[in-house]
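Residue numbers (the numbering used here), protein chains in the order written: chain A, 246 to 373; chain B, 246 to 373.
By construction, the Cβ of each residue, glycine as well, lies at the ideal position given by its N, Cα and C atoms.
In what follows, a structure is listed as structure tokens, so that the remarks can point back to it.
Protein chains: 2
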Amino acid sequence: MKPRKKKRRLAALDRSTCPIANTLDLVGDKWTLLVIRDLMFMGKRLYGEFLLSPEGIPSNILADRLKRLEETGLVSKKPYQKNPIRHEYRLTPKGTDLFPVLREMIFWANKHIPGTVVPPPGLVKRKP
Amino acid sequence: MKPRKKKRRLAALDRSTCPIANTLDLVGDKWTLLVIRDLMFMGKRLYGEFLLSPEGIPSNILADRLKRLEETGLVSKKPYQKNPIRHEYRLTPKGTDLFPVLREMIFWANKHIPGTVVPPPGLVKRKP
DNA sequence: CTTTGTCACTTGCTATTCGCAAGTGACGTG
DNA sequence: CACGTCACTTGCGAATAGCAAGTGACAAAG
């Protein structure tokens, strides 16, 4: 019998009841929020589109993050055509609700990190 | 000759000019924002205090994160007593300006992750 | 003045994850 | 049927995480 290896994914869940810790367990890594950014601001939906973003996410990492985002209910995946079958990824309401978090990151970076691009105001004003 | 190994810290800097990517390069991991939370909301200042937080950060990770936070100007370290010499860590203005990011994470988690603790309203209202 | 204790890290070591590159399978086209 | 594209998988070396034990500075106890 092969001893079942302990599963410890990107973040062990339930590190605490702290809302910040719980948020980080879902999106607290270097790539996940960039995928969400692409979905939220860049209108990206297809696997190949995410790969083209300037940060250059590796394809295996992208596949993993999309899977995790789907499992955690931040993103939904569904077919939008057949022959060949293709799927698109979209933010769920739970995912789009992260908008204020990203917006505040943008404000913070624009204020404190020189060289960061200031997005057009309409993009960051309010959620509809 | 040993070939000099490529230094690639927690996040390669300058992945892009995107403000979100740049923010994540500084605080986009599982532990950094928890240290900032402890500084911002829990009034912690000393090395040993951070170790006591319920998520249980390992001591070597804590030392590394504090060093990086100091290097990136989010946290300052200074002696507050001698015999024995002790240092305290504090958020710089750049660090305290992350307040809105954490606040929105709290709101998001309270809305979408059952079981997360709702902080007393005064704690999350406004920055002074 | 030797022992014990505390604090703030540091080091060693293994498990896990990252990330580059190459591979795979399902189509579609020529 | 050869070739190309898209959407992932897989292999594997390198980097990071995290547990546990160690270190050095200093204080108080005996």
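Any Cβ of chain A closer than 8 Å to the Cβ of residue 310(B) would place that residue at the interface, and such an atom is absent. Just measuring C-alpha positions, the residue of 266(B), 348(B), 262(B) sitting nearest residue 277(A) is 266(B). For residue 364(A), no pairing in a beta bridge is given by DSSP. At least 8 Å separates the beta-carbon of residue 282(A) from that of residue 336(A). By the Cβ rule, the segment 328-344 of chain B counts as touching the segment 282-302 of chain B, because three or more pairs are nearer than 8 Å. Contact between residue 316(B) and residue 322(B) is absent: CB atoms are separated by about 11 Å, not below the 8 Å threshold.
Neighbours of residue 300(A) across chain B, judged by C-beta separation under 8 Å: 260, 261, 263, 266. Going by DSSP, residue 338(A) is part of the alpha helix (DSSP H) stretching over 338-341.
One Cα belongs to residue 350(B), the other to residue 271(A), and the distance between them is close to 11 Å.
Contact note: residue 349(B) reaches chain A through 345, 346, 349, using a C-beta cutoff of 7 Å and chain order. Listed in chain order, the non-local C-beta contacts of residue 306(B) below 8 Å within the same chain comprise 276, local neighbours out to five positions each way being set aside. As a beta-bridge residue in DSSP terms, residue 322(A) pairs with 334(A). By the 16-neighbour rule on beta-carbons within 10 angstroms, residue 264(B) is buried.
If you look at residue 356(A), you'll find it in the alpha helix (DSSP H) that goes 344-357. For residue 360(B), the chain A residues whose Cβ falls inside 7 Å of its Cβ are 262, in order along the chain. Identification of chain A residues near residue 356(B) by a Cβ-Cβ cut-off of 7 Å yields 342, ordered along the chain.
For a Cβ distance threshold of 8 Å, nothing in chain B lies close to residue 335(A): the least Cβ distance comes to about 17 Å.
Straight-line measurement puts the Cα of residue 268(B) at about 15 Å from the Cα of residue 364(A).
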